[in-house]
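Residue numbers (my numbering): 1 to 438. Every residue gets a Cβ at the ideal spot worked out from N, C-alpha and C, and that includes glycine. Please read all numbers here as calculations on a predicted model, not as lab measurements. Here is the structure we will look at.
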Ligand code: UDX
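Quick look at the structure:
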C-alpha cells in the first residue's frame, strides 16, 4: 500500500520506517528541510536504537523516502498518518494543537477523495470528532489510532505492539487500516475497535496509569525514608502479587520525557473543560510527588555535603530523561543538575547520548566527555539516568578521581554493595542510610 507519514519526530520517523519494513511504500513529510535531507541520506536526526538500520534498509530497498512538499504526499498515497507533536502549551497545562491543526489543513488541501487519515498524535478527547468533520468535507475518512511506543524501544514497540486501538465511525476506513497492519495483526496482536473519544482516551488513560504507578512507589519511598524501610524490598514484595505486578514500580527520581508529564497535565486541563476536573484531581498529586523527587535528590546531595552545596563540586551522571534516548524534554536529571548549580555548586554533566541536546537547552551547565571527567575532584557524584555504562563503572577506579567518595543513586540502579565495599558513602531515594564500611 502507498502510505504517507506527516511529522518525522520519534513517532513519525519510526512509524514511517516500520511501515516500509512491513512492505508498504512510504513517503514521510516534515516542514524542516534539513531534517528531510538527513533522513533521505539515511541519517536519523536523533538517537533511537535500531532505527538507523531500519531506515537505511528500507530506503535502499526503495520503499521509503521523505519530502517537504504536501503536493507530493497528496499525489503519493491514500492513507495518511498524522504523527506531529502536541507539546504542552507555553504557560499553560493544555496541549498545543497548532501542529496537528496545521498538518490537517495542509493535508486537506491536497488529499484525494476516498483517502483515509489516521491520527496517531496524542490529543485531548474531542479532537478527532472535530477533525473528522473537516476530513469528511474533503471526501475522506478519519481513524484515531493512538501510538504507545516508548523511546529507546520505538522500533520493537511499532513492529510488535502490545495492542492496536482504532477509533472511527467509518467501517471501511477501519478495514483499510487493518489492511495496513495486516502482518502485525496476523501475529495475534490484540485489536480494539471503538469510537473516537475512547481511542483518544486510551492513550492518556494509559499514560496516567503509568505515571500514577511510578508516583505511587515514589510516595512509598518518601514513607520508607521516614520509617527506615527499604522501598526496593517493598516493591519486590508488592510485585509478587500478580494483581500489582512489578513493572513501572521502580522508585527513584521519577518520570520525565515528552509524554508522561505533559500528557497528565493536558488530561487534567481537558477534564476541567469537560466539567469533570474532580475525576482527575489525583493526577495533580501524582505530578506533585514526581516533582518532589527532584527536590529530595538535591536535599540528599546537600546532606552529604555538610548542609550546603555552595562551593562544592558535583559530578552528574546522566542528562537524558531515561536511558537509551537522547531526549532531554522535562529531564529530571537536568532539573537536578541545574538546581544544584543554582544552590552554588560547580556542576559537571556527562551523558552517553544526550549532551548535544542538553548543551542547547541548558547552556549554563558544564559538559564533559566521560563519567570520570564529571567525577573529577567531586565532593559528591549524582547518578541521575540509569545508562548501563554507569552501572558498569568500577567504583574503586572512580574513587581515585573524586575528592570525596560520596554517591547519591537517583535511580536505585547501582550495586549498593559494590560501591560501599569500595569505600563510598552510598545514598539513594527511599532506602535507609548506611554509612561507609568501618
Ligand atoms: C511513555 C509510555 O510508556 C509510552 O507508552 C507512551 O507512548 C509515551 O510515554 P516514554 O516517555 O518513552 O514512553 O518513557 P517510559 O519508558 O514510559 O518512561 C517514562 C518515565 O518514567 C522515564 O522518565 C522513566 O525514567 C520513568 N520511570 C519508568 C520510573 O521512574 N520508574 C519506572 O518504574 C518506570
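Give the secondary structure of residue i by DSSP, where H, G and I count as helix, E and B as strand, and everything else as coil.
{"i": "residue 299", "result": "helix"}
{"i": "residue 125", "result": "coil"}
{"i": "residue 84", "result": "coil"}
{"i": "residue 10", "result": "helix"}
{"i": "residue 15", "result": "helix"}
{"i": "residue 320", "result": "coil"}
{"i": "residue 419", "result": "helix"}
{"i": "residue 4", "result": "strand"}
{"i": "residue 214", "result": "helix"}
{"i": "residue 413", "result": "coil"}
{"i": "residue 232", "result": "helix"}
{"i": "residue 187", "result": "coil"}
{"i": "residue 158", "result": "helix"}
{"i": "residue 284", "result": "helix"}
{"i": "residue 132", "result": "helix"}
{"i": "residue 425", "result": "strand"}
{"i": "residue 438", "result": "Any reading at residue 438 must be qualified, since the residue scores a pLDDT of 46, below 50, and its modelled position is unreliable; the value itself is stated next. DSSP places residue 438 in coil when its eight states are reduced to three."}
{"i": "residue 150", "result": "coil"}
{"i": "residue 246", "result": "coil"}
{"i": "residue 367", "result": "strand"}
{"i": "residue 276", "result": "coil"}
{"i": "residue 329", "result": "coil"}
{"i": "residue 202", "result": "helix"}
{"i": "residue 294", "result": "helix"}
{"i": "residue 137", "result": "helix"}
{"i": "residue 314", "result": "strand"}
Starting from residue i, follow the alpha helix (DSSP H) in both directions and report where the run begins and ends.
{"i": "residue 335", "result": "332-342"}
{"i": "residue 388", "result": "388-391"}
{"i": "residue 36", "result": "33-40"}
{"i": "residue 395", "result": "395-399"}
{"i": "residue 253", "result": "No alpha helix (DSSP H) holds residue 253; DSSP gives it neither H nor E."}
{"i": "residue 61", "result": "No alpha helix (DSSP H) contains residue 61, which DSSP labels as neither H nor E."}
{"i": "residue 431", "result": "First-last for residue 431: undefined, no H or E at that position."}
Does chain C have any CB closer than 8 Å to the CB of residue i?
{"i": "residue 225", "result": "Structure shown: chain C not included; a single protein chain is present."}
Excluding the five sequence neighbours on either side, which residues of its own chain have a C-beta within less than 6 Å of the C-beta of residue i, listed in chain order?
{"i": "residue 221", "result": "231, 251, 429 and 430"}
{"i": "residue 368", "result": "348, 350 and 374"}
{"i": "residue 7", "result": "83 and 84"}
{"i": "residue 217", "result": "235, 249 and 251"}
{"i": "residue 215", "result": "286, 289 and 290"}
{"i": "residue 422", "result": "395, 396 and 399"}
{"i": "residue 19", "result": "3 and 26"}
{"i": "residue 426", "result": "407, 416, 419 and 420"}
{"i": "residue 73", "result": "4, 27 and 29"}
{"i": "residue 244", "result": "238"}
{"i": "residue 110", "result": "70, 71 and 74"}
{"i": "residue 346", "result": "313"}
{"i": "residue 135", "result": "117 and 142"}
My understanding is that residue i touches residue j, with C-beta atoms under 8 Å, so please give their C-beta distance in whole angstroms.
{"i": "residue 316", "j": "residue 349", "result": "4 Å"}
{"i": "residue 139", "j": "residue 113", "result": "3 Å"}
{"i": "residue 334", "j": "residue 295", "result": "In fact, because the Cβ distance is near 14 Å, the residues do not count as touching under 8 Å."}
{"i": "residue 203", "j": "residue 248", "result": "Incorrect: roughly 16 Å between the Cβ atoms, too far for contact."}
{"i": "residue 410", "j": "residue 253", "result": "4 Å"}
{"i": "residue 408", "j": "residue 380", "result": "7 Å"}
{"i": "residue 211", "j": "residue 255", "result": "6 Å"}
{"i": "residue 28", "j": "residue 5", "result": "4 Å"}
{"i": "residue 264", "j": "residue 208", "result": "5 Å"}
{"i": "residue 176", "j": "residue 146", "result": "With a Cβ gap of about 17 Å, residue 176 and residue 146 do not count as contacting."}
In its own chain, which residues sit with a C-beta less than 8 Å from the C-beta of residue i, not counting the 5 before and 5 after it?
{"i": "residue 344", "result": "308, 309, 310, 311 and 312"}
{"i": "residue 388", "result": "323"}
{"i": "residue 172", "result": "141"}
{"i": "residue 157", "result": "148, 149 and 150"}
{"i": "residue 169", "result": "132, 195 and 196"}
{"i": "residue 185", "result": "164, 178 and 191"}
{"i": "residue 103", "result": "6, 7, 82 and 84"}
{"i": "residue 129", "result": "196 and 197"}
{"i": "residue 67", "result": "27, 28, 29, 36 and 73"}
{"i": "residue 412", "result": "231, 232, 250, 251, 252, 428, 429, 430 and 431"}
{"i": "residue 438", "result": "With a pLDDT of 46 at residue 438, under the threshold of 50, the predicted position of this residue should be treated as unreliable, and no value is reported."}
In terms of residues, what are the limits of the beta strand (DSSP E) holding residue i?
{"i": "residue 25", "result": "25-29"}
{"i": "residue 439", "result": "Nothing can be reported for residue 439: it is not among the residues displayed for the chain, which extend from 1 to 438."}
{"i": "residue 193", "result": "191-194"}
{"i": "residue 382", "result": "380-383"}
{"i": "residue 64", "result": "64-67"}
{"i": "residue 95", "result": "Taken as a continuous stretch (DSSP letters only), residue 95 belongs to no beta strand (DSSP E), as it is neither H nor E."}
{"i": "residue 348", "result": "346-350"}
{"i": "residue 119", "result": "116-119"}
{"i": "residue 164", "result": "164-167"}
{"i": "residue 143", "result": "141-144"}
In chain order, what residues of the same chain have a beta carbon less than 7 Å from the beta carbon of residue i, not counting five sequence neighbours either side?
{"i": "residue 189", "result": "161, 163 and 164"}
{"i": "residue 465", "result": "Given a span of 1 to 438 for the chain in the structure shown, any question on residue 465 remains unanswerable."}
{"i": "residue 47", "result": "325, 326 and 353"}
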